[in-house]
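Asker: Quick note: the sequence shown uses our numbering, first residue 192, plus one each step.
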Amino acid sequence: MPPLPHVDFNWVAAIAAAVSSFVLGGLWYGPLFKRAWCREAGIDPDTAPRHPARIFATAFVCSLLAAVMFANFLPPTATAADGFGAGFVVGLFFVAMSFGINYAFAQRSLKLWMIDAGYHIAQFCLYGLILGAWH
Numbered sequence: 192m193p194p195l196p197h198v199d200f201n202w203v204a205a206i207a208a209a210v211s212s213f214v215l216g217g218l219w220y221g222p223l224f225k226r227a228w229c230r231e232a233g234i235d236p237d238t239a240p241r242h243p244a245r246i247f248a249t250a251f252v253c254s255l256l257a258a259v260m261f262a263n264f265l266p267p268t269a270t271a272a273d274g275f276g277a278g279f280v281v282g283l284f285f286v287a288m289s290f291g292i293n294y295a296f297a298q299r300s301l302k303l304w305m306i307d308a309g310y311h312i313a314q315f316c317l318y319g320l321i322l323g324a325w326h
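As structure tokens, this is what we get:
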């Protein structure tokens, strides 16, 4: 495997990208799609338990690792628009399609897949926008 292309890595941009996924998630799985997501997942939205801190810590570490690796795959000359486009491709064709395979075999609903896949498409678009703008 060739070495990663960036020598100067912008940790602030990677952290900002990871934080953006939490802001997006709060909106996506909150006011935008909470009821629909809970219904499709078989969870009562009014009695759903709160997540412990360890789940949020795990989610942040995963988001940060994804942002770091995505930043390393963007070319050094990438702009915000380039990053957004790359994020869309990664979110749609890598993440969403992988979810689609799992959701099909698990016999989960198309609506649940669209909500979850949509979040990750938007997440990687944000990563690309932020990381490309900060290059």
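No residue lacks a Cβ here, since even glycine has one placed at the ideal position from N, Cα and C. None of these values were measured; they are calculated from a predicted model.
Tell me the residue span of the alpha helix (DSSP H) that contains R245.
Answerer: If you number the sequence shown from 1, residue 245 lands on position 54. Where R245 is concerned, the enclosing alpha helix (DSSP H) stretches over 244–264.
Asker: Would you give the residue range spanned by the alpha helix (DSSP H) that R241 belongs to?
Answerer: Indexing the sequence shown from 1 puts residue 241 at position 50. No alpha helix (DSSP H) holds R241; DSSP gives it neither H nor E.
Asker: How would you write the range of the alpha helix (DSSP H) that S300 sits in, first residue to last?
Answerer: Position 109 of the sequence shown, counted from the first residue, corresponds to residue 300. Counted as a single uninterrupted DSSP element, the stretch harbouring S300 is not any alpha helix (DSSP H), since DSSP gives it neither H nor E.
Asker: Using 7 angstroms as the threshold, is the C-beta distance between G276 and L322 below it?
Answerer: For the purposes of this step, residue 276 is identified with residue 85 of the sequence shown, where counting begins at 1. For the purposes of this step, residue 322 is identified with residue 131 of the sequence shown, where counting begins at 1. In this structure, G276 sits away from L322, with a CB-CB distance that is not shorter than 7 angstroms.
Asker: Between which two residues does the alpha helix (DSSP H) holding I206 run?
Answerer: Locating residue 206 in the sequence shown gives position 15, counting from the first residue. Unbroken alpha helix (DSSP H) run through I206: 202–218.
Asker: Classify A324 as helix, strand or coil using the three-state DSSP reduction.
Answerer: Position 133 of the sequence shown, counted from the start, is the residue given in the question as residue 324. In the structure shown, A324 sits in a helix (DSSP, three-state: H, G or I).
Asker: For F315, which three-state DSSP category applies?
Answerer: As a working note, residue 315 is residue 124 in the sequence shown. DSSP places F315 in helix when its eight states are reduced to three.
Asker: Hey, how far is the Cα of Y318 from the Cα of T238?
Answerer: On the sequence shown, position 127 is the one that residue 318 refers to. On the sequence shown, position 47 is the one that residue 238 refers to. Each residue's alpha carbon lies about 32 angstroms from the other.
Asker: H311 and V286: beta carbons closer than 7 angstroms?
Answerer: Position 120 of the sequence shown, counted from the start, is the residue given in the question as residue 311. Position 95 of the sequence shown, counted from the start, is the residue given in the question as residue 286. Taking 7 angstroms as the cut-off, the Cβ atoms of H311 and V286 count as close.
Asker: Give the straight-line distance between the Cα atoms of A227 and D235, rounded to the nearest whole angstrom.
Answerer: To locate residue 227, count along the sequence shown from 1; it is residue 36. To locate residue 235, count along the sequence shown from 1; it is residue 44. Between A227 and D235, the C-alpha separation is close to 10 angstroms.
Asker: Which residue wins for smallest C-alpha separation from T268, given the options S300, H326, L223, I246?
Answerer: If you number the sequence shown from 1, residue 268 lands on position 77. H326 is the residue among S300, H326, L223, I246 whose C-alpha sits nearest the C-alpha of T268.
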